[in-house]
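**Student:** Here this note's numbering is used: the sequence shown runs in plain steps of one and ends on residue 655. Just so it is clear, CB atoms sit at the ideal spot from N, CA and C, and this is done for glycine as well. Quick one: the structure is below, questions incoming.
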Amino acid sequence: MRKWQKMLAMSAFLMLILLAAGCSEESDGFTIDRVDIQAELLPDGDLYVEELYTYTFRGQYDGMVRTIGDYENIEYFEAYLPPANKQLGEFAYEDGTLLETTQDAETFYSYSPSSKETKRVFYRYRIDAAAKRLKDTAKFYWAFFDDSNETDLHHVTIELHLPDNVSPDDLHLYLFDRSGGRITNVDNRTISYQTDFLPAYQDSEIHLLFPEQLLTEARYYRSEQSKEQLIQEAERQENRYSERGRLLSLAAKMDQFILVLILVGFGCLVLDHLFRRFRSIRAKITFADLAAADPLFISYLYRNGRLQENDFLAGLFSLYQKGRLKVEQVTANKRFLREKDGPKQTYLFTFIGNRADLTRYEQYLLDWLFQKQENRLQFRLDAIAGPTKTEQKNRTRVQNYRKKYQVFQSYFREWAQLLRLEQPFATLFRPSRLRKQLTIAMLIIHFLTVLFLLYADVLVTELWVFGIILAVLAFLSLWRFPRKRWMYGFFAVCFFAGCLISDDGAVTGSYLLATLLSPLLLAFIPSIRKSSEVLAYRAAIKKWRTQLAEGSGLDSQRADSLERLMPYAILLEVGPAFVRNVEPETLFADLLPWLPTTGLTPDRPQNKTAKWFKSKSDGGSSGDSGGSYDGSGNSNSGGDSGGGDSGGGGGADAF
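Written out as structure tokens, the structure reads:
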């Protein structure tokens with residue numbers, strides 16, 4: 001897949017994420033439109049609770065779900081269909097219709113089939129020792145809903161009744177709520193809480209310290225903390241929640257600043273690209289310049305500095321153009337002659353130059369592919385051919401060819417590495433330092449931003465968990481650079497962490513967009529830096545490639561000139577089209593030496609070795625060993641020799 005296609009696919013994926021984020025409710029789902037709760041603390045410390053839920057079902061469901069933390073202390077749980085037109089407190093549970101209920105740990109299932117309707121459900125349950133009696137105080141720490149709640153709750157009202165009257169001055173009440181809920185009333189016996197919206201997976205917790213004399217029937221519990229220490233701890237946590245709004249407001253500004261930086265980064269990339277394109281257009285590189293250039297130079301530019309295995313031919317064509325190789329047509333190996341559609345001839349390359357005049361990579365190519373025959377270094381093209389159609393049926397021979405192909409790959413990689421170190425190739429493509437520097441900056445910025453967001457939103461546990469995960473992913477992203485897998489994982493975790501923040505959208509909207517655009521920005525930064533000259537050459541090569549494929553402007557050229565163009569057509573992957581469009585009746589004989597690499601002849605095993613090996617699975621069976629090519633150009637042309645181109649909480653739901 002080309003880079004622009006990858007960018008398009010990534011952009012489409014990010015758009016799908018944004019669309020999915022905006023579609024939180026399914027068309028056949030349900031909502032909980034209202035929750036009324038009345039809870040009473042009893043003299044023995046137990047908590048008796050009555051709840052009335054209003055559901056709106058848009059699909060078919062078998063029943064409702066209520067999860068309750070500390071379920072081991074639940075003495076009983078019952079569900080009813082309440083009488084119509086009665087609000088909580090206006091009816092007794094005996095007036096309702098009892099529903100079948102089953103329990104699975106903290107989850108209670110109440111069975112009442114529903115389909116496209118609004119239904120009210122009444123729950124009542126009792127929890128043992130929900131309040132603890134201490135020597136100097138009594139404490140009630142409770143969350144009616146916590147992060148196990150999977151459903152958004154609308155219009156939630158909770159009334160907590162104490163065992164007896166008490167002066168509000170003797171109550172120490174703390175609310176830890178990130179949804180905007182508030183205490184609406186505190187009198188001698190009742191505490192009221194209300195919120196218009198409690199999002200899924202968020203808790204709302206009450207910490208209440210009151211005179212222990214109210215729990216007249218409760219036993220005493222031992223506490224390592226005194227009343228004063230409990231108050232100090234609660235006040236510290238309350239201060240954190242009171243700071244939450246200010247810190248989230250600061251976080252929103254930070255996120256917007258990060259977003260602006262990212263957009264500026266995109267703008268700078270576009271301007272830089274346009275500037276270098278403009279300079280490349282001004283550079284005049286003609287087709288004649290390309291036709292006179294080294295085939296290896298053209299291939300290296302065409303591949304963006306990343307040669308492919310078939311580009312070893314560019315090295316041969318380069319030596320041929322310099323007059324250091326002679327090419328002739330010879331009889332193919334017997335294993336091809338035995339094939340009905342196999343090639344009858346192959347091509348022999350003979351070195352006729354002076355080894356001392358060769359570069360390091362040219363000498364390596366000679367040592368790799370050529371062997372000494374009759375005091376001359378020669379290379380047969382069929383020496384690196386893959387298995388014939390008959391040999392492909394023998395799994396043992398296929399295994400043998402695969403191993404030799406792996407040896408071929410090893411030699412090729414070493415040759416390509418030597419090539420990159422020599423001029424002019426060493427300076428054509430340079431790794432982009434900007435990409436790594438910006439990656440480091442992005443990882444640090446997002447790591448610190450996520451930690452600040454979680455701290456600001458009083459998500460203590462998540463702060464530690466995400467801090468460790470992101471630190472590990474950031475380390476792996478840099479260690480495995482320039483591979484992007486770990487980096488994308490890092491930003492995915494950042495996106496998930498941003499989804500946990502509870503606010504009006506000012507924070508999460510900006511930050512989630514920043515986490516989506518950051519990897520996109522890094523992906524758009526080229527991994528290699530191309531000079532204006534390289535861009536000019538590549539633009540000219542692309543146009544020249546089209547001309548070679550169409551044969552336009554070539555008919556009037558001499559046959560020897562067209563033969564000289566054939567290697568370039570092969571290396572630019574338009575060999576077959578080139579032959580079809582340049583009057584093969586008169587030129588076929590002259591172009592024939594290059595046909596084995598174009599795919600026009602029946603010799604597909606020879607032409608498609610790499611692709612064939614990559615598409616086959618491993619296997620083995622008995623049979624002849626098949627093949628004697630060792631990956632370094634040494635072949636045995638005997639009979640059937642082979643080649644080798646190688647407290648509390650819970651939630652509400654439905655089911």
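For residue 133, count the other beta carbons within 10 Å of its own beta carbon; 16 or more makes it buried, fewer makes it exposed. Which is it?
**Tutor:** Locating residue 133 in the sequence shown gives position 133, where the first residue counts as 1. Buried, since its Cβ has 16 or more Cβ neighbours within 10 Å.
**Student:** Give the straight-line distance between the Cα atoms of residue 309 and residue 368, rounded to the nearest whole angstrom.
**Tutor:** By one-based count along the sequence shown, residue 309 stands at place 309. By one-based count along the sequence shown, residue 368 stands at place 368. Cα-Cα distance, rounded: 14 Å.
**Student:** For residue 217, does the three-state DSSP call read helix, strand or coil?
**Tutor:** In the sequence shown, counting from the first residue as 1, residue 217 sits at position 217. Coil at residue 217, not helix or strand.
**Student:** Would you kindly report the start and end of the unbroken beta strand (DSSP E) that includes residue 51?
**Tutor:** Position 51 of the sequence shown, counted from the start, is the residue given in the question as residue 51. Residues 47-68.
**Student:** How about residue 173 and residue 158: do their beta carbons lie closer than 8 Å?
**Tutor:** To locate residue 173, count along the sequence shown from 1; it is residue 173. To locate residue 158, count along the sequence shown from 1; it is residue 158. Cβ atoms of residue 173 and residue 158: not closer than 8 Å.
**Student:** Use the C-beta contact count for residue 508: other C-beta atoms within 10 angstroms, 16 or more gives buried, fewer gives exposed.
**Tutor:** Taking the sequence shown and counting its residues from 1, one reaches residue 508 at position 508. By the neighbour-count rule (16 or more Cβ atoms within 10 Å), residue 508 is buried.
**Student:** Determine the direct distance from the alpha carbon of residue 175 to that of residue 183, and round the result to whole angstroms.
**Tutor:** As a working note, residue 183 is residue 183 in the sequence shown. As a working note, residue 175 is residue 175 in the sequence shown. Distance between the alpha carbons of residue 183 and residue 175 is about 8 Å.
**Student:** Are three or more beta carbon pairs between the segment 442-454 and the segment 377-397 nearer than 8 Å?
**Tutor:** In short, these stretches do not touch, since the Cβ pair count stays below three.
**Student:** Do we get a CB-CB distance below 8 Å when we pair residue 142 with the residues of chain D?
**Tutor:** The structure shown contains no chain D, having only a single protein chain.
**Student:** Restricting to Cα atoms, I'd like to know which of 415, 372, 179, 327 is closest to residue 360.
**Tutor:** One-based indexing of the sequence shown puts residue 360 at position 360. The candidate whose alpha carbon is nearest that of residue 360 is 415.
**Student:** For residue 128, collect the residues of the same chain with a Cβ closer than 7 Å to its Cβ; drop the 5 residues on either side in sequence, then sort them by chain order.
**Tutor:** Along the sequence shown, read from residue 1 onward, the residue named residue 128 stands at position 128. 46, 73, 75.
**Student:** In angstroms, rounded to a whole number, what distance separates the CA positions of residue 542 and residue 364?
**Tutor:** Sequence index remark: in the sequence shown, residue 542 carries index 542 (1-based). Sequence index remark: in the sequence shown, residue 364 carries index 364 (1-based). Cα to Cα, the separation comes out at about 30 Å.
**Student:** Where does residue 270 land, buried or exposed, given buried means 16+ other C-beta within 10 angstroms?
**Tutor:** Position 270 of the sequence shown holds residue 270. Counting Cβ neighbours within 10 Å, residue 270 comes out exposed, since fewer than 16 surround it.
**Student:** Count the other CB atoms, across all protein chains shown, that sit within 10 Å of the CB of residue 274; report buried if there are 16 or more and exposed otherwise.
**Tutor:** Along the sequence shown, one-based indexing puts residue 274 at 274. Result: exposed.
**Student:** Quick one, which of 105, 53, 136, 89 has its alpha-carbon nearest residue 123's?
**Tutor:** Counting from 1 along the sequence shown, the entry for residue 123 is found at position 123. It is 53 whose Cα lies nearest to the Cα of residue 123.
**Student:** Looking only at its own chain, which residues have a Cβ that is under 8 Å from the Cβ of residue 615, when we skip the five neighbours before and after it?
**Tutor:** Mapped onto the sequence shown, residue 615 falls at position 615. Confidence at residue 615 is low in this model, with a pLDDT of 34, below 50, so its placement is unreliable and no value can be given for it.
**Student:** Look at the Cβ atom of residue 154, then the Cβ atom of residue 203, and state whether they are nearer than 8 Å.
**Tutor:** Reading the sequence shown from its first residue, position 154 is the one you call residue 154. Reading the sequence shown from its first residue, position 203 is the one you call residue 203. Cβ atoms of residue 154 and residue 203: not closer than 8 Å.
**Student:** Going straight from the alpha carbon of residue 351 to that of residue 343, what length do you get?
**Tutor:** Position 351 of the sequence shown, counted from the start, is the residue given in the question as residue 351. Position 343 of the sequence shown, counted from the start, is the residue given in the question as residue 343. Each residue's Cα considered, the two are about 24 Å apart.
**Student:** Looking at residue 348: is its Cβ nearer than 8 Å to the Cβ of residue 328?
**Tutor:** Sequence index remark: in the sequence shown, residue 348 carries index 348 (1-based). Sequence index remark: in the sequence shown, residue 328 carries index 328 (1-based). Closer than 8 Å, so yes.
**Student:** Near residue 31, what residues of its chain come up, given a Cβ to Cβ distance below 6 Å and the 5 sequence neighbours on each side ignored?
**Tutor:** Counting from 1 along the sequence shown, the entry for residue 31 is found at position 31. Answer for residue 31: 56, listed in chain order.
**Student:** What does the alpha-carbon distance come out to for the pair residue 495 and residue 179?
**Tutor:** Within the sequence shown, numbered from 1, the residue matching residue 495 stands at position 495. Within the sequence shown, numbered from 1, the residue matching residue 179 stands at position 179. Their Cα atoms are separated by approximately 20 Å.
**Student:** If you draw a straight line from the C-alpha of residue 591 to the C-alpha of residue 580, how long is it?
**Tutor:** Residue mapping note: residue 591 aligns to position 591 of the sequence shown, counting from 1. Residue mapping note: residue 580 aligns to position 580 of the sequence shown, counting from 1. Its pLDDT being 35, under 50, residue 591 is placed unreliably by the model, and the measurement read from it follows with that caveat. Going from the Cα of residue 591 to the Cα of residue 580 covers about 11 Å.
**Student:** Strictly by DSSP, which residues pair up with residue 104?
**Tutor:** By 1-based counting over the sequence shown, the position of residue 104 is 104. According to DSSP, residue 104 bridges with 107.
**Student:** Identify the residues that DSSP records as bridge partners of residue 286: which are they?
**Tutor:** The residue you call residue 286 lines up with position 286 of the sequence shown. Note: residue 286 sits in no beta bridge, so no partner.
**Student:** Would you report the Cα separation of residue 259 and residue 531, rounded to the nearest angstrom?
**Tutor:** Position 259 of the sequence shown, counted from the start, is the residue given in the question as residue 259. Position 531 of the sequence shown, counted from the start, is the residue given in the question as residue 531. Rounded to whole angstroms, residue 259 to residue 531 spans 30 Å at the Cα level.
**Student:** Residue 478 by DSSP, collapsed to three states: which one?
**Tutor:** Your numbering for residue 478 matches position 478 in the sequence shown. Helix, per DSSP.
**Student:** Using 10 angstroms around the beta-carbon of residue 501, count the other beta-carbons present and answer buried if the total reaches 16, otherwise exposed.
**Tutor:** For this step, residue 501 is matched to residue 501 along the sequence shown. The residue in question, residue 501, is buried, as its Cβ has 16 or more Cβ neighbours within 10 Å.
**Student:** Which residues in the same chain as residue 156 place their Cβ atom closer than 6 Å to its Cβ, once the five residues preceding and following it in sequence are excluded?
**Tutor:** As a working note, residue 156 is residue 156 in the sequence shown. Excluding sequence neighbours, residue 156 sits near 35, 195, 198.
**Student:** Assuming residue 299 and residue 311 make a contact with CB atoms under 8 Å, what is their CB distance in whole Å?
**Tutor:** The count along the sequence shown starts at 1 and reaches residue 299 at position 299. The count along the sequence shown starts at 1 and reaches residue 311 at position 311. Right, the Cβ-Cβ distance comes to about 5 Å (below 8 Å), so this counts as a contact.
**Student:** In chain order, which beta strand (DSSP E) runs of at least 3 residues are fully inside the segment 359-418?
**Tutor:** Runs found: 371-373, 376-380.
**Student:** For residue 243, count neighbouring C-beta atoms within 10 Å of its own C-beta (all shown protein chains included) and say buried if the count is 16 or more, exposed if not.
**Tutor:** Within the sequence shown, numbered from 1, the residue matching residue 243 stands at position 243. Classification of residue 243: exposed, given that the 10 Å Cβ count is below 16.
**Student:** Taking only the alpha-carbon atoms, compute the straight-line gap between residue 246 and residue 140 and give it to the nearest angstrom.
**Tutor:** For the purposes of this step, residue 246 is taken as residue 246 along the sequence shown, with counting starting at 1. For the purposes of this step, residue 140 is taken as residue 140 along the sequence shown, with counting starting at 1. Cα to Cα, the separation comes out at about 29 Å.
**Student:** Do residue 200 and residue 453 have their C-beta atoms within less than 8 Å of each other?
**Tutor:** Along the sequence shown, one-based indexing puts residue 200 at 200. Along the sequence shown, one-based indexing puts residue 453 at 453. Going by C-beta atoms, residue 200 is not nearer than 8 Å to residue 453.
**Student:** Which same chain residues end up closer than 6 Å to residue 100 when comparing Cβ atoms and leaving out the 5 residues on each side of it in sequence?
**Tutor:** Within the sequence shown, the letter at position 100 stands for residue 100. 111, listed in sequence order.
**Student:** Use the C-beta contact count for residue 362: other C-beta atoms within 10 angstroms, 16 or more gives buried, fewer gives exposed.
**Tutor:** Here the question's residue 362 lines up with position 362 in the sequence shown. Counting Cβ neighbours within 10 Å, residue 362 comes out buried, since at least 16 surround it.
**Student:** Return the first residue and the last residue of the beta strand (DSSP E) that residue 327 is part of.
**Tutor:** Here residue 327 refers to the residue found at position 327 when the sequence shown is read from its first residue. Counting along the chain, the beta strand (DSSP E) containing residue 327 begins and ends at 325-331.
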